[in-house]
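Its first residue numbered 8, the sequence shown is counted upward by one per residue in our numbering.
Yeah, the Cβ is synthetic: ideal placement off N, Cα and C, and Gly gets one too.
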Amino acid sequence: MKDRLAQLKEKSDAGSDDVEIPVENQAFMDDFFAQIEDIRTSIDKIDESVTEIKKLYSTILSAASSEQKTQDEVEAVTNEIKKSANNARNKLKSIEGQLEKADEKASADVRIRKSQHAILAKKFVEVMTRYNEAQMDFRDKTKGRIARQLEISELQS
């Protein structure tokens, strides 16, 4: 038996580690990745806004009386989140529709598009869940605060 380890090492050093996947329609994939990047930007924007709204909620809850300026900021951030969420949701649904049409193919580009869509859809759901939890937490804490204020006012009368 002949030792061919040297030949194998030589071949592996000569070849590149990159694997090239043939893509049927490069222009379409470029458009698709631009769309994916736009959705990712929208989701990141929502995530930043959720962090900001949590800070605003905390400010409102820690203040003796809420200022109109803070309320206006909360409303502006909420509107921004709704706008970005609708944008991302519509684009995700559009991609989902395209994937359903292309489902009969089992090509590499379809698999790439499906995985990108799944990743972004999951991230979108996670961010929107965080936003929903922040809203529910704020609502519960506000209810508790109002209940304490009512108890205090009943004791004083």
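Collapsing the DSSP output to three states places M143 in a helix. Going by C-alpha positions, L106 is about 7 Å away from K121.
Here the C-alpha atom of A154 lies approximately 29 Å from the C-alpha atom of M135.
Counting other Cβ atoms within 10 Å of its Cβ, L157 stays below 16 and is therefore classed as exposed.
Taking the Cα of N97 as reference, the smallest distance to any Cα among L127, R146, E17 and T58 is reached at L127.
For E55, the closest of A41, V84 and F35 by C-alpha to C-alpha distance is V84.
S73 and I102 have their C-alpha atoms spaced approximately 42 Å apart.
The beta carbon of L68 sits closer than 6 Å to the beta carbons of K148 from its chain, once the five residues preceding and following it are set aside; these are given in chain order. Per the C-alpha coordinates, the member of S114, D144 and F131 positioned closest to D51 is F131. E74 sits in coil when the DSSP states are folded into three classes, being neither helix nor strand. Each residue's CA atom was taken as its position, placing A141 and V81 some 12 Å apart. When only Cα atoms are considered, D37 and E44 end up about 11 Å apart.
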